[in-house]
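A.B. asks: A single structure is presented below for examination.
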Amino acid sequence: MDFWSNITLGFSVIIDPTNMLFCFIGVFLGTLIGVLPGLGPGATISLLLPLTYRLDPISSIIMVAGIYYGAKYGGSTTSILLNIPGEPDTVITCLDGYQMARQGRAGPALGISAFGSFIAGTFATLGLMLVAPPLAEFALRFGPPEIFALMVLALNLIAFMSSGSQIKGLAMATLGLFLGSIGLDIFHNVDRFVFGYNFLLEGLGIVPVILGLFGVAEILSNLEVEIKGKIFQKRAPNLLPSLKDWKDSFWPIIRGTVVGFFVGLMPGGGGIASTFASYSIEKRVSKHPEKFGKGAIEGVAGPESANNACSGANFIPLMTLGVPTNGIMAIIFASLLINGLQPGPLLIKNNPNLFWGVIASMYLGNAMLLILNLPLIGMWVRFLTIPYTVLAPMILFFCLLGSYTLKNSVADLVVMLIFGILGFLMRKFRYEAAPLIMGFIISEMVEGSFIRSLLMSNGSFTIFFTRPISCVLMIVALVLFILPFFGRKPKVLGSSDDEK
Amino acid sequence: MRKFDLISGLFLLVVSIGICVVSFQMEIGKPNAPSSGFYPLLTGGVLGLFSLIIIIQSRKQDEVSVRFWLPGANKKAILIAFVIILIYILLLERMGFLVTTVLFFILISRFVSGHSWKTVLVFSFLASVTTYIVFRFILRAPLPQGIFEGFL
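Respectively, the protein sequence lines represent chains A and B.
Going by this note's numbering, the residue at position 368 of the first sequence is 380; the numbering climbs one at a time, nothing skipped.
Going by this note's numbering, the residue at position 101 of the second sequence is 212; the numbering climbs one at a time, nothing skipped.
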């Protein structure tokens, strides 16, 4: 099929009223959880995983994608009005966005944030459409050694880009790889680490593990402190940026889009990294760097565009190589698996309806988000008044319900609780959940490609270094592993998006 | 942070040793014919290596005072939430979804969120019945009936 027939196919999928409805539900929920501090896209998508199991796969992935990029729109609202980042990606927006609100310019800040997000999101979707198919075609040449090397590189990158210690990130990724090996070994038909508990034969459930690490751990952490903030401008009447605002924001939006897109392509390329990179660039190229932090619209336009471009680009490695780039993409990876779809080079070829349908939904979703985030801003501000004491019991309950209803198993609830406590302790001891989740989810692929590579080479580990693509990937992974020991780890880069 | 890293590093080291010991009890095989214990053994070994690096790095760190709990932390709320989840898990299949869920919301809204009894009762009843109707009749999820088996 040629390019245009693929696009036509995508739009024929999204004009289906059911898919359109789920696209709307996704972006609506995304904006909502973006607005509400204390509930992130990771936890929300995890909560919905059991539900997606019951839906048509295309509708559920359209909805899940909508939550992911929708949260980026909503996150800026709390940063600007409340000085509390609704999402970790919007931390940097607090700097100038909140200052603009204090100066009575919340409207233009919210407006440029929504327009910038729309422009960046649309361009990123265009990039996804153009880059993904040839990349998937290229990845079809990958054999087991290349796949293994790619997975090793992806885990290294996630740990490298994390805000904390790289070694801790790698330790969590390795623990995740081990946890993924629990259950029946499909290669040898032998059970591993089951210890007589039959429910473990199928392995640890993805849903209870994710809900524990993201949902329960998040609630327990939030219960420790009370979230408070002062809304500076409850009404933002003049949302349309002035001509001068547009002039000041034009290039920051373009630069933010480009930076965000390329950061998003890299495994480990979370939204925070793209926003910090965009902010630094804007401050560096500005003729008035002293205005940054005091209400410069460029400091809002650039990062807000970057994180939306990043979220679109994040889908490229997932859909083409089967590599989730951060914790939330790992959860989306899980939702594809739950729906019987294998992310990777064959996804586009075998499921063109899904791939092109999701792309078309992103165009529509971004347009819906612009409408949701501009005229309806007052409604989102009102949501900010919902106390966490009401939200917390509901979220906790949905974690319990989500874990139980997938298999009607109390054992899954126990697994969820154990991982909830583990996630809580990990936060306390400064370990990130994203590498663990990633390792856990891709463990089967890692083991499969590793074992097949060894069988191909008659047990020689040099196979990973004798084939050009895997050799390059392994060397890059090795360099990334060694760099921090020489003090070369970038300090500014944020963590993967699992923090919320 | 030094103490935290030391404790967590030691914990991970113990976990990695456990993984290796259990892996050795399985068939390991050889690199040219890896068996079921090969991959877990490898992950256990690599985890052990990383945990040793964490321990060594913790010894080199300057002692920075970091407390486990934040100042004014609501430890009681966390503990109560944990106990309530545990109660929910224990009672769900015995008492049934509806009764356990009402109890869950009552306990958590009152003792964790600190709402008034009037709010607690209204919120718990509405939340439980709404979710029951949505999951049981709209999403057709088979929820445990417990003591109401045959009535609902």
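We put the CB at the ideal spot given by N, CA and C, even for glycine.
These figures come from a predicted structure and were not determined experimentally.
(1) Should the segment 381–389 of chain A be called in touch with the segment 116–131 of chain A, which here means at least 3 C-beta pairs below 8 Å?
(2) Less than 7 Å between C-beta atoms, sequence neighbours within five positions excluded: which residues of the same chain meet that for A:GLY22?
(3) Measuring straight from C-alpha to C-alpha, what distance separates A:ASN420 and A:LEU48?
(4) Which residue from A:SER91, A:ILE343, A:LEU182 puts its Cα closest to that of A:ALA118?
(5) Any beta carbon from chain A within less than 7 Å of B:PRO145's own beta carbon?
(6) Just to make sure I have the definition right: I need the residues of chain A whose C-beta is within less than 7 Å of the C-beta of B:LYS141. Which are they?
(7) Tell me, please, whether the CB atom of A:ALA513 is closer than 7 Å to any CB atom in chain B?
(8) Looking at A:THR56 and A:GLY82, is the spacing between their C-beta atoms short of 7 Å?
(9) DSSP three-state call for A:ASP68: helix, strand or coil?
(10) Can you tell me which of the three DSSP states B:LYS141 falls into?
(11) Given that A:GLU236 touches chain B, what residues does it touch there, using C-beta distances under 8 Å?
(12) In whole angstroms, what is the alpha-carbon distance linking A:LEU67 and A:ILE350?
(13) Drop a sphere of 10 angstroms on the beta-carbon of B:PHE161, count the other beta-carbons inside from all chains shown, and report buried for 16 or more, exposed for fewer.
(14) For a test of the three-state rule: what should DSSP assign to B:VAL125, helix, strand or coil?
(15) Would the beta-carbon of A:MET486 fall within 7 Å of that of A:ALA161?
(16) Would you say A:ASP424 lies against chain B (beta-carbon separation less than 7 Å)?
(17) May I have the straight-line CA-CA distance separating A:ARG464 from A:PRO157, to the nearest angstrom?
(18) If we require 4 or more residues per run, which alpha helix (DSSP H) segments fall completely within the segment 133–157 of chain A?
(19) With DSSP collapsed to three states, give me the class of A:VAL402.
(20) Can the beta-carbon of A:VAL484 be found less than 7 Å from the beta-carbon of A:ILE328?
(21) For the alpha helix (DSSP H) containing A:LEU467, list its first residue and its last residue.
(22) So what's A:GLY195 in DSSP terms, helix, strand or just coil?
(23) Classify A:VAL275 as helix, strand or coil using the three-state DSSP reduction.
(24) When the cut-off is 7 Å and only beta carbons count, does B:PRO199 lie next to chain A?
(25) Output needed for A:MET341: all residues of its chain with C-beta closer than 6 Å, excluding positions within five of it in sequence on either side, in chain order.
(26) Along the beta strand (DSSP E) that carries A:VAL202, what are the first and last residues, could you check?
(27) What whole-angstrom Cβ distance do B:SER169 and B:LEU152 have, given they're in contact under 8 Å?
(28) Please confirm if the segment 103–115 of chain A is in contact with the segment 308–317 of chain A, defined as three or more CB-CB distances below 8 Å between the two stretches.
(29) Which residues of chain A have a Cβ atom closer than 9 Å to the Cβ of B:SER224, listed in chain order?
(30) Using three-state DSSP, classify A:TYR291 as helix, strand or coil.
(31) Just tell me which of A:LEU93, A:ASN168, A:PRO264 has its CA closest to the CA of A:SER292.
(32) List, in order along the chain, the chain A residues whose C-beta lies closer than 9 Å to that of B:ILE244?
(33) Would A:THR43 count as contacting chain B if we go by Cβ distances under 7 Å?
(34) Could you check where the alpha helix (DSSP H) with B:GLU204 kicks off and where it finishes?
(35) Could you check if A:GLU511 is buried or exposed, using at least 16 other CB atoms within 10 Å of its CB as the buried criterion?
(36) Buried or exposed for A:THR474, going by 16 or more other Cβ atoms inside 10 Å?
C.D. replies: Quick answer:
(1) yes
(2) Taking the first sequence and counting its residues from 1, the one referred to as residue 22 of chain A is at position 10. So the qualifying residues of the chain are TRP368, GLY369, ILE371, ALA372.
(3) Sequence index remark: in the first sequence, residue 420 of chain A carries index 408 (1-based). Sequence index remark: in the first sequence, residue 48 of chain A carries index 36 (1-based). When rounded, the separation of the alpha-carbon atoms in A:ASN420 and A:LEU48 is 30 Å.
(4) Taking the first residue of the first sequence as 1, we reach residue 118 of chain A at position 106. Comparing Cα positions, the closest option is A:SER91.
(5) Position 34 of the second sequence, counted from the first residue, corresponds to residue 145 of chain B. By this cut-off, B:PRO145 is an interface position.
(6) Taking the first residue of the second sequence as position 1, residue 141 of chain B is located at position 30. Per Cβ cutoff of 7 Å: GLY471.
(7) Chain A is shown only over 13 to 512; residue 513 of chain A falls outside these bounds and no answer can be derived.
(8) Sequence index remark: in the first sequence, residue 82 of chain A carries index 70 (1-based). Sequence index remark: in the first sequence, residue 56 of chain A carries index 44 (1-based). Against a cut-off of 7 Å, the Cβ pair of A:THR56 and A:GLY82 comes out as no contact.
(9) In the first sequence, counting from the first residue as 1, residue 68 of chain A sits at position 56. Looking at A:ASP68 - three-state DSSP - the assignment turns out to be coil, as it is neither helix nor strand.
(10) What you label residue 141 of chain B is simply residue 30 of the second sequence in a count that begins at 1. DSSP places B:LYS141 in strand when its eight states are reduced to three.
(11) Here residue 236 of chain A refers to the residue found at position 224 of the first sequence. Residues of chain B whose Cβ lies closer than 8 Å to the Cβ of A:GLU236 are, in chain order, TRP180, LEU181, ALA184, ASN185, LYS186, ALA188, ILE189.
(12) Start at 1 with the first residue of the first sequence, and residue 67 of chain A comes out as number 55. Start at 1 with the first residue of the first sequence, and residue 350 of chain A comes out as number 338. Approximately 11 Å between the Cα atoms of the pair.
(13) Numbered from 1 along the second sequence, position 50 holds the residue referred to as residue 161 of chain B. With 16 or more Cβ atoms within 10 Å of its Cβ, B:PHE161 is classed as buried.
(14) The sequence position of residue 125 of chain B within the second sequence is 14, counting from 1. It is helical.
(15) Here residue 486 of chain A refers to the residue found at position 474 of the first sequence. Here residue 161 of chain A refers to the residue found at position 149 of the first sequence. Yes; because the gap between Cβ atoms is below 7 Å, this pair is in contact.
(16) Counting from 1 along the first sequence, the entry for residue 424 of chain A is found at position 412. It does not; no Cβ of chain B falls within 7 Å.
(17) Taking the first sequence and counting its residues from 1, the one referred to as residue 464 of chain A is at position 452. Taking the first sequence and counting its residues from 1, the one referred to as residue 157 of chain A is at position 145. Using only the alpha carbons, I get a separation of about 8 Å.
(18) For the segment 133–157 of chain A, there is no continuous alpha helix (DSSP H) assignment of 4+ residues that stays within its boundaries.
(19) The sequence position of residue 402 of chain A within the first sequence is 390, counting from 1. Note: A:VAL402 maps to helix in three-state DSSP.
(20) In the first sequence, residue 484 of chain A corresponds to position 472, counting from 1. In the first sequence, residue 328 of chain A corresponds to position 316, counting from 1. No, these two residues do not count as a Cβ contact at 7 Å.
(21) Numbered from its first residue, the first sequence carries residue 467 of chain A at position 455. Segment 445–468, the alpha helix (DSSP H) holding A:LEU467.
(22) The sequence position of residue 195 of chain A within the first sequence is 183, counting from 1. Taken through DSSP and simplified to helix, strand or coil, A:GLY195 comes out as strand.
(23) For the purposes of this step, residue 275 of chain A is taken as the residue at position 263 of the first sequence. Residue state, collapsed to three classes: helix.
(24) The sequence position of residue 199 of chain B within the second sequence is 88, counting from 1. According to the sequence provided, residue 199 of chain B is Tyr. The question's Pro does not apply to it. For B:TYR199, the answer is yes, since a Cβ of chain A falls inside 7 Å of its Cβ.
(25) By one-based count along the first sequence, residue 341 of chain A stands at place 329. Answer for A:MET341: ASN326, LEU330, listed in chain order.
(26) The count along the first sequence starts at 1 and reaches residue 202 of chain A at position 190. Counting along the chain, the beta strand (DSSP E) containing A:VAL202 begins and ends at 202–204.
(27) Residue mapping note: residue 169 of chain B aligns to position 58 of the second sequence, counting from 1. Residue mapping note: residue 152 of chain B aligns to position 41 of the second sequence, counting from 1. With 8 Å as the limit, B:SER169 and B:LEU152 do not qualify as a contact, their Cβ atoms being about 26 Å apart.
(28) yes
(29) As a first step, residue 224 of chain B must be located in the second sequence, where it is residue number 113. Near B:SER224 (Cβ distances below 9 Å), the residues of chain A are PRO399, TYR400, THR401, VAL402, ALA404, PRO405.
(30) The residue given as residue 291 of chain A occupies position 279 in the first sequence. Correct three-state label for A:TYR291: helix.
(31) Counted from its first residue, the first sequence places residue 292 of chain A at position 280. Closest option to A:SER292, Cα to Cα, is A:PRO264.
(32) Residue numbering aside, residue 244 of chain B sits at position 133 when the second sequence is read from its first letter. Within 9 Å Cβ-Cβ: nothing; B:ILE244 doesn't reach chain A, min ~13 Å.
(33) Indexing the first sequence from 1 puts residue 43 of chain A at position 31. Not flagged as an interface residue toward chain B: A:THR43, since no C-beta distance is shorter than 7 Å.
(34) The sequence position of residue 204 of chain B within the second sequence is 93, counting from 1. Unbroken alpha helix (DSSP H) run through B:GLU204: 186–206.
(35) The sequence position of residue 511 of chain A within the first sequence is 499, counting from 1. At A:GLU511, the pLDDT of 40 sits below 50, so the modelled position is not reliable; the number obtained from the coordinates is stated separately. A:GLU511 should be labelled buried.
(36) In the first sequence, residue 474 of chain A corresponds to position 462, counting from 1. When all chains shown are included, A:THR474 counts as exposed.
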